[in-house]
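Numbering (the numbering used here), first residue to last: 31 to 395.
Glycine included, every Cβ here is placed at the ideal spot set by N, Cα and C.
Worksheet: one structure, shown below.
In structure tokens, the structure reads:
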């Protein structure tokens, strides 16, 4: 699939807005002959296995293009080895790309010199790792204040900010403790507080909850969703868990073998998978809370032309009403459901419409 096709999937329903992150044709090939391997890929169409055999090189990221809007939580997901963590490490140049361009808030990240890159990392980018990465000899408060210390902020101010951020993640009573005295979930909240203390423009989260127990993981997902609603940080969230991506992400990019195979909202991807791989990937996801009324309805004009005007007593719902709610309404009332967009009637949903959507979801399970 071309990069243009990748971007078109899902962006039709994405509201226009300022792009904070713009990634253009990024490649990462590991190996001493990376440049030669890339030339062969472009000119001869070599596959991943052929590149490994011929050039002893590994394709980590393959021609990825995407953009992330201001305040958006953009999830990148895929199986182990798909390239998702490799991709995100290019944004703050923990890895150098073999080719391509990354622009964050108008800054060409690849063009930064060593000093500019340090400033960029310290002021513009915050990162939360899977393994917490807390310093064991520092207190929780000192860990959170560390990015501000690197900025040479005076101690009183940085401790005040760190304490406020600990309060935000509900750990204000634990500031004088050390990492080993905290549970895994608490340590990850400290890592998040540390990343946010410097007030970065962009937050990079590399599978931050994957090492945690399922219950703790879900609790932290809920806390992160609430925190994001308040702080509105532009976030790249890496995960191998589709359920997590669906819960957290405004949009999702699915990667396979270093390439992005589809970008879209959870509803886009579940309702219109780009290929069999994506269809298999989303087969186990329930449509009940993902699919919305606008995806199920038939246009009002079509319904009126074939059946007539819906009754004034028919149930009425917003276009973003969930499929689960539509099912309940259909059980309670056999009248067609009228769909509203800003109070204007735009569509109608009948029981067969709902049943067809449910059946299509069951057939892919």
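### Query
What are the partner residues of residue 329, as DSSP defines its beta bridges?
Numbered from its first residue, the chain shown carries residue 329 at position 299. According to DSSP, which records beta bridges pairwise, residue 329 is partnered with 377.
Quiz prompt | residue 244 classed as buried or exposed, judged by whether at least 16 other C-beta atoms fall within 10 angstroms | solution = Sequence index remark: in the chain shown, residue 244 carries index 214 (1-based). A residue is called buried when at least 16 other Cβ atoms come within 10 angstroms of its Cβ; residue 244 does not meet this threshold and is exposed.
inquiry  = Using CA atoms only, rank isn't needed, just tell me which of 102, 79, 97, 271 is closest to residue 261.
reply    = Taking the first residue of the chain shown as 1, we reach residue 261 at position 231. Considering only alpha carbons, the answer is 102.
- What residue ranges within the stretch 267-320 form continuous alpha helix (DSSP H) runs of no fewer than 4 residues, ordered along the chain? The alpha helix (DSSP H) runs lying completely inside the stretch 267-320 and spanning 4 residues or more are 272-278, 296-301, 306-311, given in chain order.
**Q.** Boundaries (first-last residue) of the beta strand (DSSP E) holding residue 173
**A.** What you label residue 173 is simply residue 143 of the chain shown in a count that begins at 1. Where residue 173 is concerned, there is no enclosing beta strand (DSSP E), although the alpha helix (DSSP H) it sits in stretches over 170-180.
*Roughly how many angstroms lie between the CA atoms of residue 386 and residue 354, to the nearest whole one?*
Within the chain shown, the letter at position 356 stands for residue 386. Within the chain shown, the letter at position 324 stands for residue 354. The alpha-carbon atoms of residue 386 and residue 354 are separated by roughly 14 angstroms.
As assigned by DSSP and simplified to three states, the class of residue 38: Along the chain shown, one-based indexing puts residue 38 at 8. Its pLDDT being 36, under 50, residue 38 is placed unreliably by the model, and nothing is read from it.
Q: Would you tell me roughly how many angstroms separate the C-alpha atoms of residue 203 and residue 195, rounded to the nearest one?
A: If you number the chain shown from 1, residue 203 lands on position 173. If you number the chain shown from 1, residue 195 lands on position 165. In a straight line, the C-alpha of residue 203 is about 12 angstroms away from that of residue 195.
| How far does the alpha helix (DSSP H) with residue 150 in it reach, from first residue to last? | Mapped onto the chain shown, residue 150 falls at position 120. First-last of the alpha helix (DSSP H) with residue 150: 144-153.
Which same chain residues end up closer than 8 angstroms to residue 161 when comparing Cβ atoms and leaving out the 5 residues on each side of it in sequence? Locating residue 161 in the chain shown gives position 131, where the first residue counts as 1. Residues of the same chain with a CB within less than 8 angstroms of the CB of residue 161, apart from the 5 flanking positions on each side, are 241 in chain order.
### Query
Secondary structure at residue 111, three-state DSSP: helix, strand or coil?
Counted from its first residue, the chain shown places residue 111 at position 81. Note: residue 111 maps to coil in three-state DSSP.
Among 333, 339, 349, which has the Cα closest to the Cα of residue 322? Counting from 1 along the chain shown, the entry for residue 322 is found at position 292. When 333, 339, 349 are compared, the shortest CA-CA separation from residue 322 is found for 349.
Cα separation between residue 310 and residue 179?
-> Position 280 of the chain shown, counting from 1, holds the residue named residue 310. Position 149 of the chain shown, counting from 1, holds the residue named residue 179. Whole-angstrom Cα-Cα distance: 47 angstroms.
Shortest alpha-carbon distance to residue 267 belongs to which of 232, 286, 292? Translated into the one-based positions of the chain shown, residue 267 becomes position 237. The residue with the shortest Cα to Cα distance from residue 267 is 232.
request  = With a cut-off of 8 angstroms on the beta carbons, I'd call residue 312 and residue 299 a contact; round off their distance for me.
outcome  = The sequence position of residue 312 within the chain shown is 282, counting from 1. The sequence position of residue 299 within the chain shown is 269, counting from 1. Right, the Cβ-Cβ distance comes to about 6 angstroms (below 8 angstroms), so this counts as a contact.
Buried or exposed by the 16-neighbour rule on C-beta atoms within 10 Å, applied to residue 181 = As a working mapping, residue 181 is identified with position 151 in the chain shown. Around the beta-carbon of residue 181, fewer than 16 other beta-carbon atoms lie within 10 Å, marking it exposed.
>> Quick check: the Cα distance between residue 89 and residue 63, rounded to an integer number of angstroms?
In response: By 1-based counting over the chain shown, the position of residue 89 is 59. By 1-based counting over the chain shown, the position of residue 63 is 33. Rounded to the nearest whole angstrom, the CA to CA distance from residue 89 to residue 63 is 11 angstroms.
(request) Kindly identify the DSSP beta-bridge partner or partners of residue 234. (result) Locating residue 234 in the chain shown gives position 204, counting from the first residue. Per DSSP, 157, 266.
- prompt: Mind checking residue 69: buried by the 16 CB within 10 Å criterion, or exposed?
  reply: Within the chain shown, numbered from 1, the residue matching residue 69 stands at position 39. Burial check for residue 69: the Cβ neighbour count within 10 Å stays below 16, so the residue is exposed.
>> Can you find the residues in the same chain that come closer than 8 angstroms, C-beta to C-beta, to residue 364, ignoring five residues on each side of it along the sequence?
In response: Numbered from 1 along the chain shown, position 334 holds the residue referred to as residue 364. By the criterion of a C-beta distance shorter than 8 angstroms, residue 364 is surrounded in its chain by 381, once the five residues flanking it on both sides are discounted.
**Asked** Is residue 383 helix, strand or coil when you go by DSSP?
**Response** For this step, residue 383 is matched to residue 353 along the chain shown. In the structure shown, residue 383 sits in a helix (DSSP, three-state: H, G or I).
* Asked: Hey, out of 330, 319, 83, 369, whose CA is closest to residue 301's CA?
  -> Here the question's residue 301 lines up with position 271 in the chain shown. That would be 319, whose Cα lies nearest to the Cα of residue 301.
Is DSSP giving residue 346 helix, strand or coil here? Within the chain shown, numbered from 1, the residue matching residue 346 stands at position 316. Three-state DSSP puts residue 346 in a strand.
Fill in: Under the three-state DSSP convention, the category residue 116 falls into
The residue given as residue 116 occupies position 86 in the chain shown. Collapsing the DSSP output to three states places residue 116 in a helix.
- With distances taken between CB atoms, is the gap from residue 125 to residue 116 smaller than 8 angstroms? Position 95 of the chain shown, counted from the first residue, corresponds to residue 125. Position 86 of the chain shown, counted from the first residue, corresponds to residue 116. Closer than 8 angstroms, so yes.
- Query: To the nearest whole angstrom, what separates the beta carbons of residue 123 and residue 147, a pair I think is in contact under 8 angstroms?
  - Reply: In the chain shown, the residue the question calls residue 123 occupies position 93. In the chain shown, the residue the question calls residue 147 occupies position 117. Yes, they are in contact, since the Cβ atoms of residue 123 and residue 147 sit about 6 angstroms apart, within 8 angstroms.
Length of the line joining the Cα atoms of residue 50 and residue 219: One-based indexing of the chain shown puts residue 50 at position 20. One-based indexing of the chain shown puts residue 219 at position 189. So the alpha carbons of these two residues sit roughly 25 angstroms apart.
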